[in-house]
Amino acid sequence: MTVISSIRYNKETCSQMQKTSVLIRMSLTSLLLAELLLFTTVTASHFFGGSMTFHPRRNHDGSYKVELRFKTTYHSCYEYDYWPCGSGDCGNDVSTVIGQVDSSPNGNNWCQSEGVITKMLSTNSPFQLIKSSCCWIFNTVTNSGGWSLLTYIDLGVRSDTSEPNRSPITTTLPFVRVPQNCPRRYNILAFDPDGDHVRCRFGLGQNQECEICNQPAGFTLDQNNCSLSYSHTWVPGVYSFELVLEDFPIQNITLSYTNQLSKEIYAISFIRSRRAVNYHATAAIPPQAFPLTTTSTTRSSTTATHSTTPTTTRTTTTTTTLILHYQQQPQHLQPLCYQQQQLQ
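In terms of the numbering used here, the sequence shown opens at residue 22 and continues consecutively.
Listed below in structure tokens is the structure:
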């Protein structure tokens with residue numbers, strides 16, 4: 022699945038934001054959903070973000086029907102979007118439906134759309150869809166270069182549900198304004214319909230999961246809880262985040278396929294018991310198990326510089342574009358945000 026998110030941060034002082042904190046918190050969900058609908062298909066420039074999820078169904082004849090739902094946000098609006106096959110048998114496209122959801126001419130112009138691609142596959146072997154191009158929206162501090170959205174689709178039949186594996190689902194904003202000098206934590210809403218545990222990490226360049234592949238200073242990603250924390254930054258502009266959502270079973274399971282050997286997926290508790298051993302390893306593969314994925318970051322602000330994690334399926338790549346409109350306030354106003362933050 023691929024997901025688009027953005028966060029715009031208002032220029033108001035923290036005192037102004039604090040007065041309306043109750044209203045903001047009560048309406049947070051509706052705001053997230055509304056801005057999620059801001060996606061539209063466009064040419065591959067001035068990119069804000071994107072995402073994809075999939076829902077499989079096994080047919081009586083042994084074939085599979087898969088609905089891939091995507092959201093994309095660009096600077097302008099178009100009526101076309103294409104997700105090329107990256108690897109494996111990607112099946113045949115039966116239909117593609119795209120519709121503009123919302124747009125805005127104010128500030129950083131954006132246009133958001135949603136679409137559904139229906140595919141028919143003769144087997145349930147894993148395959149990848151990858152959408153990449155140039156460029157991120159203008160004034161991106163982290164790099165205005167290329168972007169990449171990778172969706173790894175594993176339709177193996179699970180031993181715990183007797184159904185094809187499904188992707189994690191996430192809802193995040195295409196952009197968000199950040200109140201200057203005010204520490205904030207933004208939860209990346211994630212859910213797995215199979216009951217798996219969902220974790221988030223920064224994309225890896227060698228997996229084609231990202232183009233920028235870094236973590237900006239002043240931001241910290243809690244991988245286990247899928248939350249992004251903002252402390253402060255002195256550089257105004259747009260910050261882009263390329264994140265990957267992965268699902269982990271809560272018990273050992275087996276994935277079965279029509280034309281290849283089945284594979285065992287270990288529960289996340291099993292991996293945690295091995296983490297001390299594999300802490301500095303680039304990869305760890307237990308006997309007869311799906312390869313573990315080692316995640317590493319070079320930024321000191323990361324919650325864990327190295328972590329070894331398994332993937333039931335690398336099903337979701339979430340690209341989050343964080344648009345930070347940041348301007349320095351007068352010196353006597355800067356401590357106010359931190360003081361009020363402690364009172365919450």
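Just so it is clear, CB atoms sit at the ideal spot from N, CA and C, and this is done for glycine as well.
Values in this document were obtained by computation on a predicted structure and should not be read as measured data.
Buried or exposed (CB count within 10 angstroms, at least 16 for buried), F212: By one-based count along the sequence shown, residue 212 stands at place 191. Flag for F212 reads exposed.
Look at S283 and G109 and say whether their C-beta atoms are less than 9 Å apart. In the sequence shown, the residue the question calls residue 283 occupies position 262. In the sequence shown, the residue the question calls residue 109 occupies position 88. In this structure, G109 does not lie closer than 9 Å to S283 by Cβ.
Exposure of S188, with buried meaning 16 or more beta-carbon neighbours within 10 Å: On the sequence shown, residue 188 is found 167 positions in, with the first residue counted as 1. Buried, by the Cβ-count rule.
Bounding residues of the beta strand (DSSP E) (the contiguous stretch that carries C221): The residue labelled residue 221 in the question sits at position 200 within the sequence shown. 218-223 is the extent of the beta strand (DSSP E) around C221.
Beta-carbon gap between S248 and N202 smaller than 9 Å: Counting from one through the sequence shown, the residue named residue 248 turns up at place 227. Counting from one through the sequence shown, the residue named residue 202 turns up at place 181. No; because the gap between Cβ atoms is not below 9 Å, this pair is not in contact.
Where S151 sits in the DSSP three-state scheme: Translated into positions along the sequence shown, residue 151 becomes position 130. For the record, residue 151 in the displayed sequence is Ile; it is not Ser. I151 falls in the strand class under three-state DSSP.
Roughly how many whole angstroms lie between the Cα atoms of Y251 and Y287? Against the sequence shown, residue 251 aligns to sequence position 230. Against the sequence shown, residue 287 aligns to sequence position 266. Looking at the two C-alpha atoms, the distance is approximately 33 Å.
Neighbourhood of E230 by C-beta, 6 Å cutoff - its chain only, sequence neighbours within 5 removed: Here the question's residue 230 lines up with position 209 in the sequence shown. Excluding positions up to five away in sequence, the list reads L171, G224, V265, T338.
Tell me which same chain residues have a C-beta within less than 8 Å of the C-beta of S146, skipping the five on either side of it? Within the sequence shown, numbered from 1, the residue matching residue 146 stands at position 125. Once the five neighbours on either side are set aside, the close Cβ partners of S146 are G109, D110, L176, Y278, T279, N280, Q281.
With DSSP run on the structure shown, which of helix, strand or coil describes C98? What you label residue 98 is simply residue 77 of the sequence shown in a count that begins at 1. C98 falls in the coil class under three-state DSSP.
Can you give me the start and stop residues for the beta strand (DSSP E) that S108 sits inside? What you label residue 108 is simply residue 87 of the sequence shown in a count that begins at 1. Here the beta strand (DSSP E) through S108 covers 106-108.
Identify, in the order they occur along the chain, each residue of the same chain with its Cβ nearer than 6 Å to the Cβ of P270, setting aside the five sequence neighbours on each side. If you number the sequence shown from 1, residue 270 lands on position 249. D217, I286, A288, T333.
Which residues in the same chain as G226 place their Cβ atom closer than 7 Å to its Cβ, once the five residues preceding and following it in sequence are excluded? Reading the sequence shown from its first residue, position 205 is the one you call residue 226. Excluding residues within five positions, the ones whose Cβ falls inside 7 Å are C234.
Alpha carbon to alpha carbon, how far is V219 from F68? Residue 219 sits at position 198 when you count from the first residue of the sequence shown. Residue 68 sits at position 47 when you count from the first residue of the sequence shown. Distance between the alpha carbons of V219 and F68 is about 26 Å.
Curious, which full-length alpha helix (DSSP H) runs of at least 4 residues does the segment 234-272 contain? none
Taking the C-alpha atoms as reference points, what is the distance between V115 and R90? As a first step, residue 115 is located in the sequence shown; it is residue number 94 there, counting from the start. As a first step, residue 90 is located in the sequence shown; it is residue number 69 there, counting from the start. Their backbone Cα atoms lie some 14 Å apart in a straight line.
Consult DSSP for Q227 and reduce its assignment to one of helix, strand or coil. Numbered from 1 along the sequence shown, position 206 holds the residue referred to as residue 227. Q227 falls in the helix class under three-state DSSP.
Cβ atoms of E135 and G120: under 9 Å apart, would you say? Here residue 120 refers to the residue found at position 99 when the sequence shown is read from its first residue. Here residue 135 refers to the residue found at position 114 when the sequence shown is read from its first residue. Yes; because the gap between Cβ atoms is below 9 Å, this pair is in contact.
Thinking C-alpha only, which one of P126, V197, Y85 is nearest G258? Mapped onto the sequence shown, residue 258 falls at position 237. Closest by alpha carbon: V197.
Measure the C-alpha to C-alpha separation of R179 and F148 and round it to an integer number of angstroms. Residue numbering aside, residue 179 sits at position 158 when the sequence shown is read from its first letter. Residue numbering aside, residue 148 sits at position 127 when the sequence shown is read from its first letter. Looking at the two C-alpha atoms, the distance is approximately 17 Å.
In angstroms, rounded to a whole number, what distance separates the CA positions of D215 and I190? Here residue 215 corresponds to residue number 194 of the sequence shown, with the count starting at 1. Here residue 190 corresponds to residue number 169 of the sequence shown, with the count starting at 1. Using only the alpha carbons, I get a separation of about 11 Å.
From I274 to C221, what does the alpha carbon distance come to, in whole angstroms? Locating residue 274 in the sequence shown gives position 253, counting from the first residue. Locating residue 221 in the sequence shown gives position 200, counting from the first residue. Those two C-alpha atoms are separated by around 21 Å.
Which residue wins for smallest C-alpha separation from S9, given the options S154, Q272, L142? The structure shown does not extend to residue 9, since the chain is modelled only from 22 through 365, so no value can be given for it.
Coil, strand or helix - I289 by DSSP: By one-based count along the sequence shown, residue 289 stands at place 268. I289: helix per DSSP, three-state reduction.
Any idea which residues DSSP pairs E184 with across the strands? Taking the sequence shown and counting its residues from 1, the one referred to as residue 184 is at position 163. According to DSSP, E184 bridges with nothing at all.
Around the Cβ of Y95, are there at least 16 other Cβ atoms within 10 angstroms (buried) or fewer (exposed)? Numbered from its first residue, the sequence shown carries residue 95 at position 74. So Y95 ends up on the buried side.
Which residue wins for smallest C-alpha separation from N80, given the options C155, T144, N246, L210? For the purposes of this step, residue 80 is taken as the residue at position 59 of the sequence shown. Closest option to N80, Cα to Cα, is T144.
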